[in-house]
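Have a look at the structure below, then the notes.
6 protein chains.
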Amino acid sequence: MPLSARNQLPGRVAEVHLGEVMAHVTVRVGKNLVESVITRRSAEELGLKKGDAVTVVIKSTEVMLQKD
Amino acid sequence: MPLSARNQLPGRVAEVHLGEVMAHVTVRVGKNLVESVITRRSAEELGLKKGDAVTVVIKSTEVMLQKD
Amino acid sequence: MPLSARNQLPGRVAEVHLGEVMAHVTVRVGKNLVESVITRRSAEELGLKKGDAVTVVIKSTEVMLQKD
Amino acid sequence: MPLSARNQLPGRVAEVHLGEVMAHVTVRVGKNLVESVITRRSAEELGLKKGDAVTVVIKSTEVMLQKD
Amino acid sequence: MPLSARNQLPGRVAEVHLGEVMAHVTVRVGKNLVESVITRRSAEELGLKKGDAVTVVIKSTEVMLQKD
Amino acid sequence: MPLSARNQLPGRVAEVHLGEVMAHVTVRVGKNLVESVITRRSAEELGLKKGDAVTVVIKSTEVMLQKD
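Chains as they are written, first to last, in this note's numbering: chain A, 3 to 70; chain B, 3 to 70; chain C, 3 to 70; chain D, 3 to 70; chain E, 3 to 70; chain F, 3 to 70.
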């Protein structure tokens, strides 16, 4: 996908929790769980459900770093 | 770290590229590379350099999903 | 906290309003009220309630300026 | 300003540092310093300079909380 | 409005859908529909309803590009 | 593109300005100009230049509204 967002990580949906306006979606990416909040409409239009193959997309300006 | 951001992934700095105001930092997280753009000042104050152990922090509202 | 986010302001929780997926949290910071929208899960896991001491964390790329 | 962004805090510019594309602006808000990264073009078009009265504007979905 | 956000597009509200914490607002901008998620409180305080003239405001660091 | 981001607007690149780390790209979308700040690396990897057909992509949680 020729999108400028530099982080595009393959994963698999682990859980979808729908609210009235938003949806909380958990995705397994390698050994980590990544959590995403998108609109309920997007979750429904994409038909997201447990086990779906998805790509997690994150703009690099949204990524912070903590020194351990 | 008791921070509300739900995504806190352990990694290791792979590259630091400094600009005048911003810095582009690449971090290895498992089998993926995650790219982060932070201020140059933060990169310098944290003393970020290749090999450093860091935690990648991302608020869940910044995470999009693409259905494969 | 050695986090790249440059804005880390001490405050005290003034109100927590929980929705199904998100939570709206108001924090007193000096003479201002700062409002935050986080996931309900984070609000519950942090056990946020009125009077709690918290740090408001904001990445500098998310801060706009208006000339008065 | 009837803008949906819930955080609109009055301050005064403490420092402006221009890069080629971005600008790093520090604003005194009460007893805190708030740092903002905007485009160089906006900094120039607004004519931002030390001492200017400004309003810091932040969408609530961009505000994280850390429990102390 | 002398705000640093570089994208300020005139439009007209097409739909408002309120949740407990958030609101999903659709705005017609030229020939496009732009969708916004703001807090329910902002939607109510602005009194947003179908047909209202509004300006869509987006910080340029939040805008991604896809090559077609 | 089955991406959760609800705003995907067709446009054409009007200008590309490269910095050391970031790039400022202006896109004509209908009668409006939309400005985007992405990494220089993405601008170069996508080979963005004036006249290119692109899609502007914006997550709905990043869109604010001002009542006129």
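Glycine included, every Cβ here is placed at the ideal spot set by N, Cα and C. Just so you know, these numbers come straight off a predicted model, no measurement behind them.
Could you spell out where the alpha helix (DSSP H) holding Arg-42/F opens and where it closes? DSSP places Arg-42/F in the uninterrupted alpha helix (DSSP H) bounded by 42 to 47.
Going by Cα to Cα distance, which pick from Leu-20/F, Val-59/F, Val-56/F is closest to Arg-42/F? Leu-20/F
Span of the beta strand (DSSP E) holding Glu-17/D? 9 to 20
Under a Cβ-count criterion, where at least 16 other Cβ atoms within 10 Å of its own Cβ denotes burial, should Arg-14/F be classed as buried or exposed? Its Cβ having fewer than 16 others within 10 Å, Arg-14/F is exposed.
For Val-27/E, which of Lys-33/E, Ala-16/E, Val-65/E has the nearest alpha-carbon? Ala-16/E
Given a limit of 8 Å on CB to CB distance, which residues of the stretch 30 to 42 of chain F reach chain D? Glu-37, Val-39
Chain F contact residues for Glu-47/B, given Cβ-Cβ distances below 8 Å: Going along chain F, no residue has its Cβ under 8 Å from Glu-47/B, so there is no contact; the nearest lies around 17 Å.
Between Val-18/D, Leu-11/D, Leu-5/D, Ala-7/D, which has its C-alpha nearest Gly-53/D's C-alpha? Val-18/D
Contact defined as beta carbons within less than 8 Å: I believe Leu-109/E pairs with Ile-40/F. What is the distance between those atoms, to the nearest angstrom? Since the first and last residues shown for chain E are 3 and 70, residue 109/E lies out of range.
If we call anything under 7 Å between Cβ atoms a contact, is Val-56/C one with Lys-69/D? yes
Determine, using beta carbons only, whether Ser-6/C and Val-65/D come nearer to each other than 7 Å. no
With a cut-off of 7 Å, does the C-beta of Pro-12/D fall near any C-beta of chain E? By this cut-off, Pro-12/D is not an interface position.
Beta carbon proximity, Lys-51/F to chain E, threshold 7 Å: no
Can a CB atom of chain F be found closer than 7 Å to the CB of Leu-67/B? yes
Where Leu-11/C and Gly-32/C are concerned, what is the direct C-alpha to C-alpha distance, given to the nearest angstrom? 9 Å
Just confirm the distance between the C-beta atoms of Val-29/C and Val-59/C, as a whole number of angstroms; I'd bet it's less than 8 Å. Not confirmed; about 11 Å, so no contact.
Chain C partners of Val-59/B, CB-CB under 7 Å? Listed by position along chain C, the residues whose Cβ is nearer than 7 Å to that of Val-59/B are Leu-5.
Chain-order list of residues whose beta-carbon lies under 6 Å from that of Leu-48/D (same chain, five-residue window excluded): none
Please classify Glu-22/E: is it buried, with 16 or more other beta-carbons within 10 angstroms of its beta-carbon, or exposed? buried
Please report whether the beta-carbon of Thr-28/A lies at a distance below 7 Å from any beta-carbon of chain E. no
Would you mind reading off the limits of the beta strand (DSSP E) that contains Thr-63/E? Run containing Thr-63/E: none; DSSP gives neither H nor E here.
Indicate the three-state DSSP secondary structure (helix, strand or coil) for Ser-38/B in the structure shown. strand
Can a CB atom of chain B be found closer than 7 Å to the CB of Val-23/F? yes
Got a sec: is the Cβ-Cβ distance from Glu-17/F to anything in chain E below 7 Å? no
Can you grab the Cα-Cα spacing for the pair Val-36/D / Ser-44/D, in whole Å? Rounded to the nearest angstrom, the two C-alpha atoms are 17 Å apart.
Alpha carbon to alpha carbon, how far is Asn-34/C from Pro-4/A? Give it in angstroms, no decimals. 43 Å
Note the first and the last residue of the continuous beta strand (DSSP E) segment covering Val-23/D. From DSSP, Val-23/D is part of no beta strand (DSSP E); its letter is neither H nor E.
To which residues does DSSP link Leu-5/C through a beta bridge? Gln-68/A
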